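Undergrad: One structure follows; several queries about it will come next.
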Amino acid sequence: MVGVAKREIRIGMIGYQFMGKAHSHAYRDLPFFFGTEIKPVLRAVSGRKEEAVKDAAEQMGWESYETDWRKLIEREDIDVVDIVTPNHTHAEIAIAAAKAGKHIITEKPLALTLEEAREMLQAVKENNVKHMICHNYRFAPAVQFAKKLIEDGKLGHIYHFRANYLQDFIMDPEFPLVWRLKKEVSGSGALGDIGAHSIDLARFLVGEITEVVGTMETFIKERPAGEMAGGLKGQADNSEYGEVTVDDAVAFIAKFESGTLGTFEATRFAGGNRNKNKFEINGEKGSLRWDMENMNTLDVYFAEDEAGLQGFRTISCTEEEHPYAGAYWPPGHIIGYEHTFIHLIHEFLHGITGNVQPAPNFEDGVKNQAILEAVERSSNSRKWETVRN
Ligand code: SOE
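Each position in the sequence shown, counted from 1, maps to that position plus 479 in the working numbering.
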């Protein structure tokens with residue numbers, strides 16, 4: 480048979496909305512661009528609302544659906560459990576899936592708390608399953624290329640890592656009190672939802688963080704009841720108002736093991752910035768700048784450039800030399816947000832077939848959660864706090 484996959488990997492996904500769509504697309508597109516050595520099989524998707532999950536299964540190409548995630552993880556015809564449900568469900572599901580011998584990929588942040596994150600890591604290690612956390616932005620070709628430049632010593636010693644993750648989807652006071660705004664469901668607000676991505680990029684590109692000092696702010700304290708309505712839209716039901724129990728914005732400074740100084744900002748109140756996940760790195764020999772809203776380009780500056788010709792220049796990271804980019808189109812034909820998920824899932828599934836633990840994984844998730852926890856501790860203590868892994 481033409482193009483028979485050498486290895487089918489059967490996926491069970493728990494959840495099916497925004498991230499569920501991104502992950503489902505990645506499984507379906509993977510063989511299209513990265514070959515048929517591995518063929519993801521969309522075996523089952525799980526959701527509590529039968530009509531909604533049935534529609535999602537039909538739309539995204541899942542073979543079957545469940546309305547109880549516990550039934551899904553017990554199925555013998557599933558190898559991988561993919562968790563795309565809200566943060567408070569990650570630990571219970573992942574621990575149960577690990578005990579059922581399933582490999583696990585989960586959305587970020589890993590858990591609600593550092594303790595939960597540690598329990599999840601222990602469960603996957605004890606049950607010897609592969610695990611991954613979906614920090615997809617490190618898989619943009621430009622970010623992978625930035626990592627290569629740093630590893631090749633092009634920047635030399637790094638003095639600064641500067642990250643701003645700017646969104647604005649909840650600036651309307653009538654945007655409802657969705658799960659992302661409730662501490663008992665989300666764990667934190669901008670800090671854990673988008674700040675976690677900046678922390679992962681910092682760890683991936685520069686290294687480990689040892690101390691932080693920061694502050695968190697909630698600008699709108701009460702909102703109307705309501706739910707997410709696809710993507711980052713919300714639907715208020717105006718039945719009643721409730722208290723927002725997470726941060727709308729966070730700013731913190733970090734010290735890295737390398738001596739690098741980090742400055743971080745994550746906010747959902749930066750009007751006009753829809754998903755501006757960006758960083759700048761300044762080293763002794765050069766600087767790099769990346770912005771998710773222009774994800775195919777990397778701005779580079781090298782101090783050794785000829786006098787008069789020095790300054791930032793923009794590289795289009797769509798060439799064969801840029802990781803993953805060569806799998807798609809000729810140079811200059813750009814790719815998008817959804818393709819970062821294809822690259823991450825490519826590494827996850829090859830990790831399973833090659834018996835190699837890919838990254839970022841639950842170890843990274845625990846280290847990320849430890850930094851989130853230290854920032855929250857500092858926001859309360861108003862002092863520098865040590866990161867406790
Ligand atoms: C909302 O802030 C969100 O959907 C995050 O949860 C995702 O991780 C990010 O990629 C896009 O924005």
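Ideal placement from N, C-alpha and C gives every residue a C-beta, glycine not left out.
Values in this document were obtained by computation on a predicted structure and should not be read as measured data.
Who are the near neighbours of P607 in its chain, counting only those whose CB is closer than 6 angstroms to its CB and skipping five residues on each side?
TA: Within the sequence shown, residue 607 is the residue found at index 128, counting from 1. The displayed chain sequence assigns Asn, not Pro, to residue 607. Nothing listed; no residue qualifies.
Undergrad: With the cut-off set at 8 angstroms, would you say A575 and I583 are in Cβ contact?
TA: Reading the sequence shown from its first residue, position 96 is the one you call residue 575. Reading the sequence shown from its first residue, position 104 is the one you call residue 583. No, they are not a contact pair.
Undergrad: Below 8 angstroms on the Cβ atoms is my contact criterion, and I expect G805 with F781 to pass it. Report the Cβ-Cβ distance as a whole number of Å.
TA: Stepping through the sequence shown from its first residue, residue 805 is reached at position 326. Stepping through the sequence shown from its first residue, residue 781 is reached at position 302. The pair is not a contact, with the Cβ atoms about 24 angstroms apart (cut-off 8 angstroms).
Undergrad: By how many angstroms is the C-alpha of E799 removed from the C-alpha of E598?
TA: As a working mapping, residue 598 is identified with position 119 in the sequence shown. As a working mapping, residue 799 is identified with position 320 in the sequence shown. Going from the Cα of E598 to the Cα of E799 covers about 41 angstroms.
Undergrad: Does the count of Cβ pairs from the region 766-781 and the region 609-626 closer than 8 angstroms reach three?
TA: The region 766-781 vs the region 609-626: in contact.
Undergrad: For A708, count neighbouring Cβ atoms within 10 angstroms of its own Cβ and tell me buried if that reaches 16, exposed if not.
TA: Locating residue 708 in the sequence shown gives position 229, counting from the first residue. So A708 ends up on the exposed side.
Undergrad: Could you check how far apart the C-beta atoms of V692 and S737 are, in whole angstroms? I think they sit under 8 angstroms.
TA: Locating residue 692 in the sequence shown gives position 213, where the first residue counts as 1. Locating residue 737 in the sequence shown gives position 258, where the first residue counts as 1. Their Cβ separation, rounded to whole angstroms, is 18 angstroms, which puts V692 and S737 out of contact at 8 angstroms.
Undergrad: Mark K869 as exposed unless 16 or more other C-beta atoms lie within 10 angstroms of its C-beta, in which case mark it buried.
TA: No information on residue 869 is available, as it lies outside the stretch 480 to 868 that the chain covers here.
Undergrad: Identify every residue that forms a DSSP beta bridge with G491.
TA: Sequence index remark: in the sequence shown, residue 491 carries index 12 (1-based). G491 pairs with A523, V560.
Undergrad: What are the start and end residues of each continuous beta strand (DSSP E) run of 3 or more residues lying completely inside the region 791-837, in chain order?
TA: List check, beta strand (DSSP E) in window: 792-795.
Undergrad: From the DSSP output, in three-state form, read off T568 for me.
TA: The residue you call residue 568 lines up with position 89 of the sequence shown. Note: T568 maps to helix in three-state DSSP.
Undergrad: Could you check whether the Cβ of D561 sits closer than 7 angstroms to any heavy atom belonging to the ligand SOE?
TA: Position 82 of the sequence shown, counted from the first residue, corresponds to residue 561. Checking every heavy atom of the ligand SOE against the Cβ of D561, none is found closer than 7 angstroms.
Undergrad: Do N847 and P588 come within 8 angstroms of each other at the CB atom, strictly closer than that value?
TA: For the purposes of this step, residue 588 is taken as residue 109 along the sequence shown, with counting starting at 1. For the purposes of this step, residue 847 is taken as residue 368 along the sequence shown, with counting starting at 1. Going by C-beta atoms, P588 is nearer than 8 angstroms to N847.
Undergrad: Please name the residue or residues paired with Q882 in a DSSP beta bridge.
TA: Residue 882 is absent from the model: the chain starts at 480 and stops at 868.
Undergrad: Following the continuous beta strand (DSSP E) through S737, name the residue where it begins and the one where it ends.
TA: Numbered from its first residue, the sequence shown carries residue 737 at position 258. Element bounds for S737: n/a, residue is neither H nor E.
Undergrad: Going by CA-CA distance only, name the one from A669, G491, A505 that's closest to I821.
TA: Walking along the sequence shown from the start, residue 821 turns up at place 342. The shortest Cα separation from I821 among A669, G491, A505 belongs to A505.
Undergrad: Is the region 539-558 touching the region 489-502 in the sense that three or more CB pairs, one from each, lie closer than 8 angstroms?
TA: Result yes; three or more Cβ-Cβ pairs closer than 8 angstroms.
Undergrad: So the beta strand (DSSP E) G873 belongs to, where does it begin and stop?
TA: For the chain, the structure presents residues 480 to 868; residue 873 sits outside this window and is missing.
Undergrad: As a quick exercise: from T592, G666, Q496, pick the residue whose alpha carbon is nearest that of E706.
TA: As a first step, residue 706 is located in the sequence shown; it is residue number 227 there, counting from the start. Taking only the C-alpha atoms, the option nearest E706 is Q496.
Undergrad: Where P510 and E487 are concerned, what is the direct C-alpha to C-alpha distance, given to the nearest angstrom?
TA: Numbered from its first residue, the sequence shown carries residue 510 at position 31. Numbered from its first residue, the sequence shown carries residue 487 at position 8. C-alpha separation (whole angstroms): 11 angstroms.
Undergrad: Return the residue from the list A536, D843, S665 that minimises the CA-CA distance to E687.
TA: One-based indexing of the sequence shown puts residue 687 at position 208. Checking every option, the nearest Cα to that of E687 belongs to D843.
Undergrad: Would you tell me roughly how many angstroms separate the C-alpha atoms of E855 and E516, rounded to the nearest one?
TA: The residue labelled residue 855 in the question sits at position 376 within the sequence shown. The residue labelled residue 516 in the question sits at position 37 within the sequence shown. Taking the straight line from one Cα to the other gives about 44 angstroms.
Undergrad: Given that a residue counts as buried once 16 or more other Cβ atoms are within 10 Å of its Cβ, and exposed if not, what is E852?
TA: As a first step, residue 852 must be located in the sequence shown, where it is residue number 373. Answer is buried; the Cβ neighbour count reaches 16.
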